[in-house]
Amino acid sequence: MVALTSAQVASLTSTQAGSLSTAQIAAIETADIKSLTTGALRNLSSDQLDAFTSDQLRSLSSGQINSLTTSQINTLGTADLNSLTSGQFANLSTAQAQALTNTQLGNLATDNLNALGTAQFAALSSSQFGALTTGQLGKLETADLRAVTTAALNGLSSDQVGALASDAVGSLSTAQVASLGTAQIKGLTTGDMVALTSAQVAAINSAQAGTLSTAQLAAIETGDIKSLTTGALRNLSSDQLDAFTSDQLRALSSGQINSLTTAQVNTLGTGRPARRLHQRPTARAQQRPDQLADDCPSQHPGHGRPEQPHQWPVRQSVLGPSPGTDQHPARQSRDRQPQRAGHRPVRGDELQPVRCTDHRPTWQARNGRPARRHHRCTQQPVFRPGRCPGQRRRRLADHGTSGLAGHRPDQGPDHG
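Be aware that the sequence shown starts at 85, since it is given in this note's numbering, and climbs by one per residue.
Written as structure tokens, this is what we have:
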């Protein structure tokens, strides 16, 4: 057999090749074995094919390897398979790839495994894909992993899912992400969660989201966390939601925040804006001044309206204001009251409330201007922005207007 030339080996028929012993086949020269016809190769038994040396197998052309039957491929030993080159493995048909046993795949060299094309990976079953080791899965190409069917992907355990490279996880389709079981998605590392895209995060269903750890949730990118569905958000536990960072919470949309349950909002930490999650930022700014709270004059200048007796301004004596009296919020707010069209406000640094001789409230100017009596002496002085009604009477009288006949400027309506 050693003396046979390449032409003589090529002339062997399938029947003749099938009658050769394992020793005869092993004795054929490496350069001559590649001259065997595909018909002769297909007629070899499993024992005969297993008698091929590693050098003989490597010398076979891709066409010869592709011509082997599935049963022949199935009977090749681990050493025989690993003796094949990456080019030979790349030419395996989908049927030949499906014929590989779990043992063969589990012992396959990573170079030969990565030599398989996307069509061959798509032909693997769940048991075959699940037979791959963590070392093999960690070196799996992104295109090959994306080609795996969802059924085959479900054959992986949580440890096997965790062994996948982060860039390979980031290449998974949304259908593949959605097909992961709750036990499988728990195997994703924090690096895998960072690699997830917005579309992949949106593919996480409520059952999967409920099994994610706090570390996994905190690792999701801020730009991707807003892609979580409302169903997934509502299924998060208190600990899971509390694991959200401040940036992640701020990245959530109004619809996502509105979908949270009251129990979820109540369990947020004090460092989070839980109190203002359901409050629109412009809600108070859209209110009219008369709709603002009456008990916050300092927050809303010019609109403080004291309605309780203890909230009325304290009237000063003629000798001057007591220390700290000018710090009343209503008096301070009058200084900050914006000027409106056609209305000049009375400034608090010019006027102060005093008592007249008959103990009725009046206005006394600090800058030497004539005193102005309040329009209703029997009423407690109320600080309102704008001009006092008695001011109009004073202006009309000073200009000689006959609009107030018989009325002296220094006499109020109750001083007849």
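Just so you know, even glycine gets a beta-carbon here, dropped at the ideal spot from N, CA and C. Nothing here was measured: the structure is a model prediction, and the numbers come from that model.
Nearest residue (CA-CA) to T137, options N342, I112, G239: Ranking N342, I112, G239 by Cα distance to T137 puts I112 first.
Residues near Q463 in its chain [Cβ-Cβ closer than 7 Å; skip 5 each side]: Here the model assigns Q463 a pLDDT of 46, short of 50, so the residue's position is not dependable, and the following value carries that caveat. Closer than 7 Å at Cβ, skipping near neighbours: no residue.
Reduced DSSP category for T366 - H, G, I as helix; E, B as strand; rest coil: At T366, the pLDDT of 48 sits below 50, so the modelled position is not reliable; the number obtained from the coordinates is stated separately. Coil, per DSSP.
Cβ of K223 within 8 Å of any chain B Cβ: The chain labelled as chain B is not found in the depicted structure, where only one protein chain is given.
Backbone secondary structure at T329 - three-state DSSP: Three-state DSSP puts T329 in coil, outside helix and strand.
The alpha helix (DSSP H) enclosing S255, as first and last residue numbers: Looking at the DSSP string, S255 is not in any alpha helix (DSSP H), and its letter there is neither H nor E.
Those runs of the alpha helix (DSSP H) which lie wholly inside the segment 139-226 and span at least 4 residues: Listed in chain order, the alpha helix (DSSP H) runs fully inside the segment 139-226 are 146-151, 154-159, 162-167, 170-174, 178-183, 186-190, 194-199, 202-206, 210-214, 218-222, counting runs of at least 4 residues.
Top-ranked residue by Cα proximity to A215, from D326, L237, L176, T121: L237
4 or more residues per run - each alpha helix (DSSP H) lying fully within the segment 293-337: 298-303, 306-309, 314-318, 322-326, 330-335
Nearest-angstrom Cα separation, counted from A199 out to G275: 26 Å
Same chain, Cβ closer than 6 Å to M85, five either side skipped, listed in chain order: Q108, A111, I112
Three-state secondary structure (DSSP) of M85: Correct three-state label for M85: coil.
Cutoff 6 Å; reference S508; Cβ partners in own chain excluding five residues on either side: Absent from the structure is residue 508, since the part of the chain shown begins at 85 and ends at 500.
Nearest-angstrom beta carbon gap, T234 and Q260 [assumed within contact, 8 Å]: Right, their Cβ atoms sit about 6 Å apart.
Euclidean distance between Cα positions of V245 and T346: 35 Å
Delimiting residues of the alpha helix (DSSP H) encompassing V245: Note, V245: alpha helix (DSSP H), 242-247.
Proximity winner among A247, L301, L352, relative to G219 (alpha-carbon distances): For G219, the nearest C-alpha among the options comes from A247.
Segment limits, alpha helix (DSSP H) that includes I117: 114-117
Selection from T281, Q172, Q132, S145 that minimises the alpha carbon distance to K118: S145
Cβ neighbour criterion (16 or more within 10 Å) applied to Q156: buried
CB contact flag (T266, D308, <8 Å): no
Check whether S90 and L125 have beta carbons under 8 Å apart: no
Reduced DSSP secondary structure (H/G/I, E/B, other) of L104: coil
Separation of A183 from T159, as counted between CA atoms: 9 Å
T122 versus T178: straight-line alpha-carbon distance, rounded: 18 Å
Expected contact under 8 Å - CB spacing of T226 and A252 to nearest Å: Yes, T226 and A252 are in contact; Cβ-Cβ is about 5 Å, under 8 Å.
Euclidean distance between Cα positions of A369 and G271: Any answer about A369 is weak, because its pLDDT of 44 lies below 50 and its placement is not dependable; what the coordinates show is given next. Answer to the nearest angstrom: the Cα atoms are 47 Å apart.
Exposure of S211, with buried meaning 16 or more beta-carbon neighbours within 10 Å: exposed
E434 in three-state terms, based on DSSP: With a pLDDT of only 46 at E434, under the threshold of 50, the placement of this residue in the model should not be trusted; the figure read from the coordinates follows. If DSSP states are grouped into helix, strand and coil, E434 belongs with coil.
Beta-carbon proximity of M277 to A303, cut-off 8 Å: Annotated as proximal: M277 and A303, with beta-carbon spacing under 8 Å.
Span of the alpha helix (DSSP H), counted from its first residue to its last, around L133: 130-134
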